[in-house]
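Participant:
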Amino acid sequence: MTHWKPSRDDLQLSADYVDVWRVSTSLKDKDVAKFDSVLSPDQRTRAQRMRVAEKRQQYIIAQGLTRILLGKVLDADPKALRFDRGPKGKPYLGGSFANAGIQFNMTHTSHLALVAMTLNRELGIDVERIRENLQWQRLAQRYFSPLEYRSYSSLPKGVGLRAFFTCWTRKEAVLKAIGTGLGGGLGSFDVSVDPDAPPALLGTRWNGRFHGDWTLNQLEPGAGYVATLVTERDGFEVRCWEAKPGD
Ligand SMILES: CC(C)(COP(=O)(O)OP(=O)(O)OC[C@H]1O[C@@H](n2cnc3c(N)ncnc32)[C@H](O)[C@@H]1OP(=O)(O)O)[C@@H](O)C(=O)NCCC(=O)NCCS
Numbered sequence: 065m066t067h068w069k070p071s072r073d074d075l076q077l078s079a080d081y082v083d084v085w086r087v088s089t090s091l092k093d094k095d096v097a098k099f100d101s102v103l104s105p106d107q108r109t110r111a112q113r114m115r116v117a118e119k120r121q122q123y124i125i126a127q128g129l130t131r132i133l134l135g136k137v138l139d140a141d142p143k144a145l146r147f148d149r150g151p152k153g154k155p156y157l158g159g160s161f162a163n164a165g166i167q168f169n170m171t172h173t174s175h176l177a178l179v180a181m182t183l184n185r186e187l188g189i190d191v192e193r194i195r196e197n198l199q200w201q202r203l204a205q206r207y208f209s210p211l212e213y214r215s216y217s218s219l220p221k222g223v224g225l226r227a228f229f230t231c232w233t234r235k236e237a238v239l240k241a242i243g244t245g246l247g248g249g250l251g252s253f254d255v256s257v258d259p260d261a262p263p264a265l266l267g268t269r270w271n272g273r274f275h276g277d278w279t280l281n282q283l284e285p286g287a288g289y290v291a292t293l294v295t296e297r298d299g300f301e302v303r304c305w306e307a308k309p310g311d
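Residue numbering for the sequence shown follows our numbering, starting at 65 and increasing by one per position.
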């Protein structure tokens, strides 16, 4: 069981750790305002254009928390931090901190956001809420690789739903770690599918396009959710923190 400890102000990033913060995105307006107050003008404009209130709130909290955490580790004004994007949209620190070695990635879903950070290792993180109203059987057939789909089909019926969402987070977190997002091709690699087996990248068909070796960690963000963290190389410990507005 993942233990989420209260967040600490004196945290130093290190390549020996990957730090992951969990935050509720179901907050009162006055708490959302604390995250909103650190957004850049561009981010605020993007938030204001989001029509669905729940999505807007998730965005504000995930982006605001990322800025607050980066501001703490860099001892910098969170509002002044500049984010650049990789060729396929992956956010990185820009401006005067572009070469600080800090890597981060975030994910949000109903009621929950996760932010991961470390030094000198690429990262990808994905969370999903387990939802029964999806046609997950059909989606697995469409999006999983042939190897994954065979493995998925051999699992006992009762684990199908959890297996689908677990495998999905493993795949999406890999695509976020390599920076392509879904455009990188869900079928271009194989992960382990059994939710009770160690998460692993089993094989890739990337033709040398993406280097590095990747470690998958399964996180337990809360009942009804699954999450995967993908980190470049191994030899680190994952630390999990609970973030609250005003921390
Ligand atoms: C990026 C993507 C994998 C995110 O998946 P998701 O489940 O919808 O959203 P999550 O909450 O897990 O993650 C969203 C965050 O991932 C980060 N992100 C965006 N693009 C990313 C990328 N290429 N790699 C890694 N992280 C990325 C951002 O911080 C984003 O936050 P924001 O939406 O608040 O700006 C997915 O939206 C995607 O691939 N979209 C299509 C992008 C794409 O292929 N564009 C075409 C460019 S060629």
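Just so you know, even glycine gets a beta-carbon here, dropped at the ideal spot from N, CA and C.
May I ask whether a heavy atom of ligand 1 can be found less than 6 Å away from the beta carbon of Thr268?
Facilitator: Within the sequence shown, the letter at position 204 stands for residue 268. No, since every heavy atom of ligand 1 falls outside the 6 Å radius drawn around the Cβ of Thr268.
Participant: Please name the residue or residues paired with Glu194 in a DSSP beta bridge.
Facilitator: Here the question's residue 194 lines up with position 130 in the sequence shown. The question names Glu, yet the displayed sequence has Ile at residue 194. Looking at the DSSP assignment, Ile194 forms no beta bridge with any residue, so it has no partner.
Participant: Taking the alpha-carbon positions, what's the Thr244 to Arg214 distance?
Facilitator: As a working note, residue 244 is residue 180 in the sequence shown. As a working note, residue 214 is residue 150 in the sequence shown. Their backbone Cα atoms lie some 25 Å apart in a straight line.
Participant: Should Asp260 and Thr279 be called a contact, given that it needs their Cβ atoms to be closer than 7 Å?
Facilitator: If you number the sequence shown from 1, residue 260 lands on position 196. If you number the sequence shown from 1, residue 279 lands on position 215. No, the Cβ-Cβ distance between Asp260 and Thr279 is not below 7 Å.
Participant: Would Leu201 be called buried (16 or more neighbouring beta carbons within 10 Å of its own) or exposed?
Facilitator: Walking along the sequence shown from the start, residue 201 turns up at place 137. Residue 201 is actually Gln in this sequence, not Leu. It is exposed - the Cβ of Gln201 has fewer than 16 other Cβ atoms within 10 Å.
Participant: Comparing C-alpha positions only, which one of Asp106, Val87, Phe161 and Thr268 sits nearest to Gly135?
Facilitator: Taking the first residue of the sequence shown as 1, we reach residue 135 at position 71. Of the listed residues, the one whose Cα sits closest to Gly135 is Phe161.
Participant: Between the stretch 161 to 181 and the stretch 110 to 117, do three or more beta carbon pairs fall short of 8 Å?
Facilitator: The answer is no - the stretch 110 to 117 does not touch the stretch 161 to 181, with fewer than three Cβ pairs under 8 Å.
Participant: Suppose contacts are defined by Cβ-Cβ distances below 7 Å. Is Thr66 in contact with Cys304 by that definition?
Facilitator: Along the sequence shown, read from residue 1 onward, the residue named residue 66 stands at position 2. Along the sequence shown, read from residue 1 onward, the residue named residue 304 stands at position 240. Yes, they are a contact pair.
Participant: First and last residue of the beta strand (DSSP E) that includes Leu178?
Facilitator: Position 114 of the sequence shown, counting from 1, holds the residue named residue 178. First-last of the beta strand (DSSP E) with Leu178: Leu176 to Leu183.
Participant: Where does Leu283 fall in DSSP's three states?
Facilitator: Walking along the sequence shown from the start, residue 283 turns up at place 219. Looking at Leu283 - three-state DSSP - the assignment turns out to be strand.
Participant: Could you check if Thr182 belongs to the surroundings of ligand 1, using beta carbon to heavy atom distance under 6 Å?
Facilitator: Here residue 182 refers to the residue found at position 118 of the sequence shown. Answer for Thr182: no, Cβ out of range of ligand 1.
Participant: Of the residues Ile125, Ile194 and Ile166, which one's Cα is nearest the Cα of Leu187?
Facilitator: As a first step, residue 187 must be located in the sequence shown, where it is residue number 123. Nearest C-alpha to Leu187: Ile166.
Participant: Check Leu145 in the structure and name its three-state DSSP category.
Facilitator: The count along the sequence shown starts at 1 and reaches residue 145 at position 81. Coil, per DSSP.
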